[in-house]
Amino acid sequence: MPEIKYFLYTRKSSESEDRQVQSIDDQIDRLKVLATQYKIKIVDTYKESKSAKQPNNRPMFTEMLERIERGEANGILCWQMNRLSRNPVDSGTLQWMLQKEIIQSIQTIDREYKPTDNAVIMSVESGVSNQFILDLSKNTKRGMQGRVDKGWMPNMAPLGYLNSKDDEGRGIIIEDPERFPLIRKMWDLMLTGNTSPTKIVRIANKEWAFRTRKMKRLGGKPMSESTIYRILNNRFYVGEISHRKKWHKGSHKQMVTVDEFDHVQKLLGRKSTIRPQKKEFAFTGFIRCGECGCLFTAETKTKHIKSTGEIKHYTYYHCTRKRRDISCSQIACITDTELNEQIERELSKLTIDPDFRSWALETLGNAHEKEVTKRSSIYRSLQEAANQIQSQIDNLTRMRVRDLIDDEQYIKERDLLKAQLTKTNEELAKTENRAERWLELTEDVFDFVTYAHSVFLNGTLQTKREI
Numbered sequence: 188m189p190e191i192k193y194f195l196y197t198r199k200s201s202e203s204e205d206r207q208v209q210s211i212d213d214q215i216d217r218l219k220v221l222a223t224q225y226k227i228k229i230v231d232t233y234k235e236s237k238s239a240k241q242p243n244n245r246p247m248f249t250e251m252l253e254r255i256e257r258g259e260a261n262g263i264l265c266w267q268m269n270r271l272s273r274n275p276v277d278s279g280t281l282q283w284m285l286q287k288e289i290i291q292s293i294q295t296i297d298r299e300y301k302p303t304d305n306a307v308i309m310s311v312e313s314g315v316s317n318q319f320i321l322d323l324s325k326n327t328k329r330g331m332q333g334r335v336d337k338g339w340m341p342n343m344a345p346l347g348y349l350n351s352k353d354d355e356g357r358g359i360i361i362e363d364p365e366r367f368p369l370i371r372k373m374w375d376l377m378l379t380g381n382t383s384p385t386k387i388v389r390i391a392n393k394e395w396a397f398r399t400r401k402m403k404r405l406g407g408k409p410m411s412e413s414t415i416y417r418i419l420n421n422r423f424y425v426g427e428i429s430h431r432k433k434w435h436k437g438s439h440k441q442m443v444t445v446d447e448f449d450h451v452q453k454l455l456g457r458k459s460t461i462r463p464q465k466k467e468f469a470f471t472g473f474i475r476c477g478e479c480g481c482l483f484t485a486e487t488k489t490k491h492i493k494s495t496g497e498i499k500h501y502t503y504y505h506c507t508r509k510r511r512d513i514s515c516s517q518i519a520c521i522t523d524t525e526l527n528e529q530i531e532r533e534l535s536k537l538t539i540d541p542d543f544r545s546w547a548l549e550t551l552g553n554a555h556e557k558e559v560t561k562r563s564s565i566y567r568s569l570q571e572a573a574n575q576i577q578s579q580i581d582n583l584t585r586m587r588v589r590d591l592i593d594d595e596q597y598i599k600e601r602d603l604l605k606a607q608l609t610k611t612n613e614e615l616a617k618t619e620n621r622a623e624r625w626l627e628l629t630e631d632v633f634d635f636v637t638y639a640h641s642v643f644l645n646g647t648l649q650t651k652r653e654i
């Protein structure tokens, strides 16, 4: 009988059915030991990382069978039959090649398949693998639908939220304590009508030091412009989840109201489509009803005075009353004149004398010099502490390399030092930021309370909106 030459075939995909399978390197090591025991001659080794649940999806598998048909080998050495096939098409091909004796042997870790064996045995084992895939697919879809029925999105949570588990181990979505308030601030900036998505990204990355959620291979980076558009167009933030192209009521915490979401869509629409010019109003987009929380809208009415022939224009603000879950009783309107007077009264309460502003800023300027000196001393001290901690980490690593300490002691000490270093670096960043910005922010506040009232009285619609 001619000698059987084997191809060693290994496969492990990233899909759920293969998560418990030995790694490719482990498969190769064990199979080479088996080859030595059985005096199996290996002519080549194949490593595959594709799923076997679909036919014609594995280039290495296809190449191996083509080489077997050309006579370069006539046996396959693999971990289990399910490494070779999980679908009936590939299983049928292997059975046919065995029956025609193109393949003389398929050797697995625990048994050998030969052309003379009963084909039913191999068919049953291949069928079990294929049925496993079918059952897994059904169970996965059933599980995903069950999560949707309970109001939970069955995939990764968007920015501002985190995937978590409840007390019973079931998947839920919670607010990301670090990013949820920042994403909400982005919505607020957009709702003013004065800030473009591009500017929001710039503010988030530079002023807030925003970074996306760090994952194993992705994340931990500044926000991109495409990301902010995905956020502002995603109804998940309204409290809904998408599954199979349909929207369902979600159980996660709602970040924005339907009214706010719709308003942002209108603002985004103005950026990309040509529309008839609409009258601009100073205070739409951020004034809310005290009863239901909906945004105020405005409209202009025209009145013709018959006695004089004069045409007068009146602007009224009123609640949109779009909340379906609250019956708002605020049906009355307020004129723009009355609204302006209310805002002027509030601003006048904040106004300070220009002379007081000058004196206060001069005094604060003197204090700032002392503050900078003090902060510089603190900064140097913190920087020295950070350098010392890093040196300790380096020394600890060298001790581990020399086997002066064991893994347990090394990990314990390293984690403790890293926590100290992180805390020290955070204090460094806070100290530097405070030293640079506190006087600048103070000047901005004093300028605002000194001049806001007069600027509001004489300003444009845009200026009034900003104030």
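Note that the working numbering has the sequence shown beginning at 188, numbered continuously upward.
Cβ atoms here follow ideal geometry from the backbone N, Cα and C, with glycine treated the same way.
What span of residues does the alpha helix (DSSP H) with G407 cover, start to end?
-> On the sequence shown, residue 407 is found 220 positions in, with the first residue counted as 1. Note, G407: premise wrong, no alpha helix (DSSP H); not H, not E.
Distance CB(V451)-CB(L482) smaller than 7 Å = Within the sequence shown, residue 451 is the residue found at index 264, counting from 1. Within the sequence shown, residue 482 is the residue found at index 295, counting from 1. No, the pair does not count as a contact, with Cβ atoms beyond the cut-off.
In DSSP terms, what Y504 is bridged to = Your numbering for residue 504 matches position 317 in the sequence shown. BP columns for Y504 point to A485, I521.
Nearest candidate by alpha-carbon position, reference G472, set D590, M377, E355, W266 | Here residue 472 refers to the residue found at position 285 of the sequence shown. Minimum Cα distance to G472 is reached at M377.
In angstroms, rounded to a whole number, what distance separates the CA positions of Y193 and D594?
-> For the purposes of this step, residue 193 is identified with residue 6 of the sequence shown, where counting begins at 1. For the purposes of this step, residue 594 is identified with residue 407 of the sequence shown, where counting begins at 1. Y193 and D594: Cα-Cα distance of roughly 42 Å.
Counting only the same chain and skipping the five closest in sequence on each side, list residues whose C-beta sits under 6 Å from that of T223.
-> Taking the first residue of the sequence shown as position 1, residue 223 is located at position 36. Counting only Cβ-Cβ distances below 6 Å, and skipping sequence neighbours, we find nothing.
Taking the alpha-carbon positions, what's the V588 to V443 distance?
-> On the sequence shown, position 401 is the one that residue 588 refers to. On the sequence shown, position 256 is the one that residue 443 refers to. Using only the alpha carbons, I get a separation of about 53 Å.
Three-state class that DSSP yields for I229 in the structure shown = Numbered from 1 along the sequence shown, position 42 holds the residue referred to as residue 229. Strand at I229.
Keeping to the same chain, check which residues put their C-beta closer than 7 Å to that of L455; ignore five residues upstream and five downstream.
-> Numbered from its first residue, the sequence shown carries residue 455 at position 268. Closer than 7 Å at Cβ, skipping near neighbours: L419.
Count the other CB atoms, across all protein chains shown, that sit within 10 Å of the CB of H500; report buried if there are 16 or more and exposed otherwise.
-> Along the sequence shown, one-based indexing puts residue 500 at 313. Exposed is the call here.
Rounded to whole angstroms, what's the CA-CA distance from T507 to K488? Just pull it up for me.
-> For the purposes of this step, residue 507 is taken as the residue at position 320 of the sequence shown. For the purposes of this step, residue 488 is taken as the residue at position 301 of the sequence shown. Looking at the two C-alpha atoms, the distance is approximately 17 Å.
Segments of 4+ residues assigned as alpha helix (DSSP H) that fall wholly inside the region 232-271 | For the alpha helix (DSSP H) assignment, the uninterrupted runs of no fewer than 4 residues enclosed by the region 232-271 are, from N- to C-terminal side, 246-256, 268-271.
Would you kindly work out how many angstroms separate the C-alpha atoms of W339 and S438, rounded to a whole number?
-> As a position in the sequence shown, residue 339 is number 152, starting the count at 1. As a position in the sequence shown, residue 438 is number 251, starting the count at 1. When only Cα atoms are considered, W339 and S438 end up about 6 Å apart.
Nonlocal neighbours in the same chain, by C-beta distance under 6 Å from V230, ignoring five residues either side | As a working note, residue 230 is residue 43 in the sequence shown. Within the same chain, V230 has close Cβ partners K192, A260.
Closest to K401 by CA distance: which of E394, P409, L252 is it?
-> Locating residue 401 in the sequence shown gives position 214, counting from the first residue. Here the closest residue by C-alpha is P409.
Does the beta carbon of R217 fall short of 6 Å from some heavy atom of the ligand COA?
-> Of the ligands one can find in the structure shown there are none, so the ligand COA has no counterpart to examine.
What does a CB cutoff of less than 6 Å around K509 pick up in its chain, not counting 5 residues either side in sequence?
-> If you number the sequence shown from 1, residue 509 lands on position 322. These residues qualify, in order along the chain: D446, C481.
Is the region 240-258 touching the region 211-220 in the sense that three or more CB pairs, one from each, lie closer than 8 Å?
-> They do not touch, by the three-pair rule.
K240 and N274 look like a contact to me (Cβ under 8 Å); what is the Cβ gap, rounded to whole Å?
-> By 1-based counting over the sequence shown, the position of residue 240 is 53. By 1-based counting over the sequence shown, the position of residue 274 is 87. Confirmed, about 6 Å.
Would the beta-carbon of I211 fall within 7 Å of that of K234?
-> If you number the sequence shown from 1, residue 211 lands on position 24. If you number the sequence shown from 1, residue 234 lands on position 47. Contact: yes.
In DSSP terms, what R393 is bridged to | Walking along the sequence shown from the start, residue 393 turns up at place 206. It should be pointed out that residue 393 corresponds to Lys in this sequence rather than to Arg. Note: K393 sits in no beta bridge, so no partner.
Hey, does M268 have any beta-carbon neighbour from chain C nearer than 7 Å?
-> The structure shown contains no chain C, having only a single protein chain.
Rounded straight-line distance, which links the Cα of I289 to that of S316 | Taking the first residue of the sequence shown as 1, we reach residue 316 at position 129. Taking the first residue of the sequence shown as 1, we reach residue 289 at position 102. In this prediction, S316 has a pLDDT of 47, which is less than 50 and means its spatial position is unreliable; nothing more can be read from the coordinates.
Identify which residue in A485, K453, R475, I474 has its Cα closest to the Cα of E467.
-> On the sequence shown, position 280 is the one that residue 467 refers to. Closest by C-alpha distance to E467, out of A485, K453, R475, I474, is A485.
In this structure, does DSSP put F194 in helix, strand or coil?
-> To locate residue 194, count along the sequence shown from 1; it is residue 7. The answer is strand: DSSP assigns F194 an E or B state.
I296 and W266: beta carbons closer than 7 Å?
-> Within the sequence shown, the letter at position 109 stands for residue 296. Within the sequence shown, the letter at position 79 stands for residue 266. Yes, these two residues count as a Cβ contact at 7 Å.
Helix or strand or just coil, what does DSSP make of K301?
-> Position 114 of the sequence shown, counted from the first residue, corresponds to residue 301. Coil, per DSSP.
Alpha-carbon to alpha-carbon, I263 and R422 | Locating residue 422 in the sequence shown gives position 235, counting from the first residue. Locating residue 263 in the sequence shown gives position 76, counting from the first residue. If you take the alpha carbons of R422 and I263, they lie about 52 Å apart.
Whose CA, out of C479, E600, D540, Y503, lies closest to the CA of Q516?
-> For the purposes of this step, residue 516 is taken as residue 329 along the sequence shown, with counting starting at 1. According to the sequence displayed, residue 516 carries Ser and not Gln. Out of C479, E600, D540, Y503, C479 has the C-alpha closest to the C-alpha of S516.
Enumerate in chain order the residues of its own chain whose CB-to-CB distance from D542 is below 8 Å, with the five nearest sequence positions on each side excluded.
-> Taking the first residue of the sequence shown as position 1, residue 542 is located at position 355. Here the set comprises nothing.
Contact set for Q207: own chain, Cβ-Cβ below 6 Å, skip 5 residues either direction = Taking the first residue of the sequence shown as 1, we reach residue 207 at position 20. With a pLDDT of only 48 at Q207, under 50, the local geometry of the prediction cannot be trusted, and no value is derived from it.
Within the region 335-390, note down every full beta strand (DSSP E) run reaching 3 residues or more, in order along the chain.
-> 348-352, 358-362
First and last residue of the uninterrupted beta strand (DSSP E) at K436 | The sequence position of residue 436 within the sequence shown is 249, counting from 1. From DSSP, the beta strand (DSSP E) with K436 extends over 433-436.
Unbroken alpha helix (DSSP H) run spanning Q286, endpoints | Within the sequence shown, the letter at position 99 stands for residue 286. Start and end: 275-286.
Give the range of the alpha helix (DSSP H) segment to which E452 is assigned.
-> Sequence index remark: in the sequence shown, residue 452 carries index 265 (1-based). For the sequence presented, residue 452 should be read as Gln rather than Glu. Looking at the DSSP string, the run of the alpha helix (DSSP H) that includes Q452 is 445-459.
Flag this pair as yes or no: are the beta carbons of L346 and R371 separated by less than 7 Å?
-> Against the sequence shown, residue 346 aligns to sequence position 159. Against the sequence shown, residue 371 aligns to sequence position 184. No. Outside cutoff.
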